[in-house]
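Protein chains: 2
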Amino acid sequence: AIAAAVAARFSPGPLAGKRVLLTAGPTREFLDPVRFISNPSTGKMGMALAQAARELGASVTVVLGPVGSVDRSGLEVVDVVTAEEMAREVLGRVAEADVFIATAAVSDWRPELRAAQKVKKGSVDGPETLRLVRTPDVLAEASRKVSGQTRRPVLVGFAAETERVLEHAREKLERKGLDVIVANDVTAPGAGFGTDTNRVTVLTRTGAPRELQGSKDAVARGILELLPVERRPSAG
Amino acid sequence: AIAAAVAARFSPGPLAGKRVLLTAGPTREFLDPVRFISNPSTGKMGMALAQAARELGASVTVVLGPVGSVDRSGLEVVDVVTAEEMAREVLGRVAEADVFIATAAVSDWRPELRAAQKVKKGSVDGPETLRLVRTPDVLAEASRKVSGQTRRPVLVGFAAETERVLEHAREKLERKGLDVIVANDVTAPGAGFGTDTNRVTVLTRTGAPRELQGSKDAVARGILELLPVERRPSAG
Numbered sequence: 351a352i353a354a355a356v357a358a359r360f361s362p363g364p365l366a367g368k369r370v371l372l373t374a375g376p377t378r379e380f381l382d383p384v385r386f387i388s389n390p391s392t393g394k395m396g397m398a399l400a401q402a403a404r405e406l407g408a409s410v411t412v413v414l415g416p417v418g419s420v421d422r423s424g425l426e427v428v429d430v431v432t433a434e435e436m437a438r439e440v441l442g443r444v445a446e447a448d449v450f451i452a453t454a455a456v457s458d459w460r461p462e463l464r465a466a467q468k469v470k471k472g473s474v475d476g477p478e479t480l481r482l483v484r485t486p487d488v489l490a491e492a493s494r495k496v497s498g499q500t501r502r503p504v505l506v507g508f509a510a511e512t513e514r515v516l517e518h519a520r521e522k523l524e525r526k527g528l529d530v531i532v533a534n535d536v537t538a539p540g541a542g543f544g545t546d547t548n549r550v551t552v553l554t555r556t557g558a559p560r561e562l563q564g565s566k567d568a569v570a571r572g573i574l575e576l577l578p579v580e581r582r583p584s585a586g
Numbered sequence: 351a352i353a354a355a356v357a358a359r360f361s362p363g364p365l366a367g368k369r370v371l372l373t374a375g376p377t378r379e380f381l382d383p384v385r386f387i388s389n390p391s392t393g394k395m396g397m398a399l400a401q402a403a404r405e406l407g408a409s410v411t412v413v414l415g416p417v418g419s420v421d422r423s424g425l426e427v428v429d430v431v432t433a434e435e436m437a438r439e440v441l442g443r444v445a446e447a448d449v450f451i452a453t454a455a456v457s458d459w460r461p462e463l464r465a466a467q468k469v470k471k472g473s474v475d476g477p478e479t480l481r482l483v484r485t486p487d488v489l490a491e492a493s494r495k496v497s498g499q500t501r502r503p504v505l506v507g508f509a510a511e512t513e514r515v516l517e518h519a520r521e522k523l524e525r526k527g528l529d530v531i532v533a534n535d536v537t538a539p540g541a542g543f544g545t546d547t548n549r550v551t552v553l554t555r556t557g558a559p560r561e562l563q564g565s566k567d568a569v570a571r572g573i574l575e576l577l578p579v580e581r582r583p584s585a586g
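Here you go:
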């Protein structure tokens, strides 16, 4: 890591001078002080992309949901817990970024109410219903925010799917106004949450889908090599 | 750890020959393949107790919910994900244990239905309701299971509370038929989820409450020293 840091400092690297903003990890949406809705994201793929971007010369900021210990060396890391916190931190930074890569597995819903005290088991009989409301769509809001800029960041999304993977990913690329989407079938062996390897398909607005597989580090480098790194003239 | 293992092997230790069964970590209750209800337990307090019991000479089995990397050396570890899996593994082992210590933060509710595929955001408009049903109460079921035994294991529970901590803990001790309960206020500074320190109150059926604080390792040793280690004549 020291050698990589020195290399990044003294050789320009293809991303030298670029500001990369990333989201990584899950979010947690609390029902009460001790219970939440979340997902199994460990942030590994996002942190692999962050470190790969840094090694290519970029200055990297990661807005990071709650994960175990990860390698933060050489990165600016902003820790958040909920989707709303993640949205706020991203929206305050995305306009200045050259590349925005949304790898976080943001909870789509949160409990409508968060109880101030732990709900006691005995206080509810039979089935309980939990009312859920939508959380901010961090990537779609970031895309909307920069769509009017003369030069806007390259926008990269991830689609973790369990069925009709490419179809869902292509739809998400269009709907959220992205330049690139990285699709993966989280149910495939050697892919998805908590694994050290990944197998993804990179889709752009034009051009054929490209498949990448291997360690998350190798897949991260492969994804960065496929990105257009100049800020885009706005479509709007 | 090697020195401790050697010491445990060649000197009897106060728990030599005792079988300690422990639960640790959170459980996850899935809504669909990628979303679950859980809590912030990292399993640290439970794993500290497991290692402390091993160092005192016990043979230790941990039924462990999903946590990051933990020190499993010298322990039998049974990995589980859901409350139902944890209940099954505990109920199959508790009758043979000399001590059962339930440190896991078991989810009290699970979604009534688990969707086979990831639920798409666009497929639901407005607030969504999630129907929750109760999960098995692992500790209460284990207590019931052994209550008819001539000699039953010493039963130790944990109460993670956010208010009226001792009152809630005392009520849980009685209701679940425990010998000992370890109460902690998870909202107190230096206590609770994810911290390396803890501050707890140990309550028994008789005798004054005892307070312990310090590193989770030190608190673990303190708790074990307060336990009656002979199997109990059944109250039933």
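Chains as they are written, first to last, in the numbering used here: chain A, 351 to 586; chain B, 351 to 586. For glycine and all other residues, C-beta sits at the position ideal for the given N, C-alpha and C. Model, not experiment: these values are computed from the prediction.
Counting only beta-carbon separations shorter than 8 angstroms, does B/Gly586 have a partner in chain A?
Counting from one through the second sequence, the residue named residue 586 of chain B turns up at place 236. Model confidence at B/Gly586 stands at a pLDDT of 44, short of 50, so the residue's coordinates are unreliable; what they give is reported in the following sentence. False, the Cβ-Cβ gap to chain A never drops below 8 angstroms.
For A/Leu482, which residues in chain B fall below 8 angstroms Cβ to Cβ?
Here residue 482 of chain A is taken as the residue at index 132 of the first sequence, counted from 1. Within chain B, the residues Pro477, Glu478, Thr479, Leu480 have their CB atoms less than 8 angstroms from the CB of A/Leu482, given in chain order.
Within its chain, find whatever has a CB closer than 6 angstroms to the CB of A/Gln652; leave out the 5 residues flanking it on each side and keep chain order.
The requested residue 652 of chain A is not part of the displayed model; chain A covers only 351 to 586.
Same chain, Cβ closer than 6 angstroms to A/Leu425, neighbours up to 5 away in sequence not counted:
Indexing the first sequence from 1 puts residue 425 of chain A at position 75. Excluding positions up to five away in sequence, the list reads Ala400, Val410, Val412.
May I have the straight-line CA-CA distance separating A/Ala437 from A/Arg484, to the nearest angstrom?
Start at 1 with the first residue of the first sequence, and residue 437 of chain A comes out as number 87. Start at 1 with the first residue of the first sequence, and residue 484 of chain A comes out as number 134. When rounded, the distance between both Cα atoms is 13 angstroms.
Sequence-distant residues of the same chain with beta carbon closer than 7 angstroms to A/Phe386, five excluded per side:
Taking the first sequence and counting its residues from 1, the one referred to as residue 386 of chain A is at position 36. Contacts found: Arg378, Glu379, Phe380.
Test item: CB-CB of B/Ala452 and B/Phe508 under 8 angstroms:
Taking the first residue of the second sequence as 1, we reach residue 452 of chain B at position 102. Taking the first residue of the second sequence as 1, we reach residue 508 of chain B at position 158. Yes. Within cutoff.
If I'm right that A/Glu511 touches A/Val536 with Cβ under 8 angstroms, what's the distance once you round it to whole angstroms?
As a working mapping, residue 511 of chain A is identified with position 161 in the first sequence. As a working mapping, residue 536 of chain A is identified with position 186 in the first sequence. Confirmed, Cβ separation roughly 7 angstroms.
Based on Cα-Cα distance, which residue from B/Gly542, B/Gly375, B/Val430, B/Ala398 lies nearest to B/Ser423?
As a first step, residue 423 of chain B is located in the second sequence; it is residue number 73 there, counting from the start. Its Cα nearest to that of B/Ser423, the residue B/Ala398 stands out among B/Gly542, B/Gly375, B/Val430, B/Ala398.
Under the assumption that A/Val504 contacts A/Val469 (Cβ atoms under 8 angstroms), give the Cβ distance between them as a whole number of angstroms.
Taking the first sequence and counting its residues from 1, the one referred to as residue 504 of chain A is at position 154. Taking the first sequence and counting its residues from 1, the one referred to as residue 469 of chain A is at position 119. A/Val504 to A/Val469, Cβ: 44 angstroms. No contact.
Less than 8 angstroms between CB atoms is the rule here; does B/Glu513 satisfy it with respect to chain A?
Taking the first residue of the second sequence as position 1, residue 513 of chain B is located at position 163. The beta-carbon of B/Glu513 is placed less than 8 angstroms from the nearest beta-carbon of chain A.
For A/Gly393, tell me which candidate among A/Val515, A/Lys368, A/Gly540, A/Ser419 has the shortest Cα-Cα distance.
The sequence position of residue 393 of chain A within the first sequence is 43, counting from 1. Cα-wise, what sits closest to A/Gly393 is A/Ser419.
Boundaries (first-last residue) of the alpha helix (DSSP H) holding A/Gln401:
Residue mapping note: residue 401 of chain A aligns to position 51 of the first sequence, counting from 1. Unbroken alpha helix (DSSP H) run through A/Gln401: 394-405.
Just to make sure I have the definition right: I need the residues of chain A whose C-beta is within less than 7 angstroms of the C-beta of B/Lys468. Which are they?
Mapped onto the second sequence, residue 468 of chain B falls at position 118. Correct list: Glu511, Thr512.
What's the call for A/Leu489, buried or exposed, on a 16-neighbour Cβ count within 10 Å?
Here residue 489 of chain A corresponds to residue number 139 of the first sequence, with the count starting at 1. Buried, because 16 or more other Cβ atoms sit within 10 Å of the Cβ of A/Leu489.
One question on the structure: do A/Glu521 and B/Gln467 come within less than 8 angstroms of each other, judged by their Cβ atoms?
Sequence index remark: in the first sequence, residue 521 of chain A carries index 171 (1-based). Sequence index remark: in the second sequence, residue 467 of chain B carries index 117 (1-based). For A/Glu521 and B/Gln467, no; Cβs fall outside 8 angstroms.
When the Cα of B/Val417 is compared with those of B/Ala447, B/Val532, B/Gly544, which residue comes out closest?
For the purposes of this step, residue 417 of chain B is taken as residue 67 along the second sequence, with counting starting at 1. For the residues B/Ala447, B/Val532, B/Gly544, the minimum Cα distance to B/Val417 belongs to B/Gly544.
Identify the contact partners of A/Asn389 in chain B, using a Cβ-Cβ distance below 8 angstroms as the criterion.
Mapped onto the first sequence, residue 389 of chain A falls at position 39. The answer, in chain order, is Val384, Arg385, Phe386.
Along the alpha helix (DSSP H) that carries A/Ala455, what are the first and last residues, could you check?
Indexing the first sequence from 1 puts residue 455 of chain A at position 105. Careful: A/Ala455 lies outside any alpha helix (DSSP H) and carries neither H nor E.
Give a yes or no on whether 8 angstroms exceeds the smallest Cβ distance from B/Val427 to chain A.
Counting from one through the second sequence, the residue named residue 427 of chain B turns up at place 77. False, the Cβ-Cβ gap to chain A never drops below 8 angstroms.
Within 8 angstroms, strictly: CB atoms of A/Pro633 and A/Leu516
There is no way to answer for residue 633 of chain A, as the model of chain A reaches only from 351 to 586.
Count the other CB atoms within 10 Å of the CB of A/Ala374; is the residue buried (16 or more) or exposed (fewer)?
For the purposes of this step, residue 374 of chain A is identified with residue 24 of the first sequence, where counting begins at 1. Buried: at least 16 other Cβ atoms inside 10 Å.
Cα-Cα separation, B/Glu405 to B/Val444
The sequence position of residue 405 of chain B within the second sequence is 55, counting from 1. The sequence position of residue 444 of chain B within the second sequence is 94, counting from 1. For B/Glu405 and B/Val444, the gap between their C-alpha atoms comes out near 21 angstroms.
Would A/Val536 count as contacting chain B if we go by Cβ distances under 8 angstroms?
Within the first sequence, numbered from 1, the residue matching residue 536 of chain A stands at position 186. Chain B, which has a Cβ nearer than 8 angstroms to the Cβ of A/Val536, makes this yes.
Got a sec: which bits of the segment 404-433 of chain A sit with their beta carbon under 7 angstroms from any beta carbon on chain B, in order along the chain?
Those residues of the segment 404-433 of chain A placed with their C-beta closer than 7 angstroms to a C-beta in chain B are Gly418, ordered along the chain.
Report yes if the C-beta distance between B/Met395 and B/Lys566 is below 8 angstroms; otherwise report no.
Sequence index remark: in the second sequence, residue 395 of chain B carries index 45 (1-based). Sequence index remark: in the second sequence, residue 566 of chain B carries index 216 (1-based). Going by C-beta atoms, B/Met395 is nearer than 8 angstroms to B/Lys566.
If you follow the beta strand (DSSP E) that B/Glu379 is in, where does it begin and where does it stop?
Position 29 of the second sequence holds residue 379 of chain B. DSSP places B/Glu379 inside the beta strand (DSSP E), whose first and last residues are 379-382.
Using DSSP with H/G/I as helix, E/B as strand and the rest coil, what is A/Asp448?
As a working mapping, residue 448 of chain A is identified with position 98 in the first sequence. In the displayed model, A/Asp448 falls within coil according to three-state DSSP, outside both helix and strand.
3-residue-minimum beta strand (DSSP E) runs that sit fully inside the segment 466-510 of chain B, ordered along the chain:
For secondary structure counted as the beta strand (DSSP E) over 3 or more consecutive residues, the segment 466-510 of chain B holds these complete runs in sequence order: 478-484.
Just mark B/Pro461 as buried or exposed, buried being the case when its beta carbon has 16 or more other beta carbons within 10 Å.
For the purposes of this step, residue 461 of chain B is taken as the residue at position 111 of the second sequence. Its Cβ being crowded by 16 or more others within 10 Å, B/Pro461 is buried.
With 16 other CB atoms within 10 Å as the buried threshold, where does B/Gly586 fall?
The residue you call residue 586 of chain B lines up with position 236 of the second sequence. Low confidence applies here, because B/Gly586 scores a pLDDT of 44, under 50, leaving its location unreliable; read the following figure in that light. Counting the other Cβ atoms within 10 Å of the Cβ of B/Gly586 gives fewer than 16, which makes it exposed.
To the nearest angstrom, how far is it from the Cα of B/Gly363 to the Cα of B/Ala408?
Your numbering for residue 363 of chain B matches position 13 in the second sequence. Your numbering for residue 408 of chain B matches position 58 in the second sequence. The alpha-carbon separation between B/Gly363 and B/Ala408 amounts to approximately 8 angstroms.
Jot down the residue ranges of each uninterrupted beta strand (DSSP E) in the segment 509-554 of chain B, minimum 3 residues, whole runs only, in chain order.
With a minimum length of 3 residues, the continuous beta strand (DSSP E) runs that stay inside the segment 509-554 of chain B are 530-535, 547-554.
Collapsed DSSP secondary structure at B/Glu462 in the structure displayed
Working through the second sequence from its first residue, we reach residue 462 of chain B at position 112. DSSP places B/Glu462 outside both helix and strand once states are collapsed to three, so it counts as coil.
In this structure, what does DSSP give as the bridge partners for B/Gly564?
Against the second sequence, residue 564 of chain B aligns to sequence position 214. Beta-bridge partners assigned by DSSP to B/Gly564: B/Asn548.
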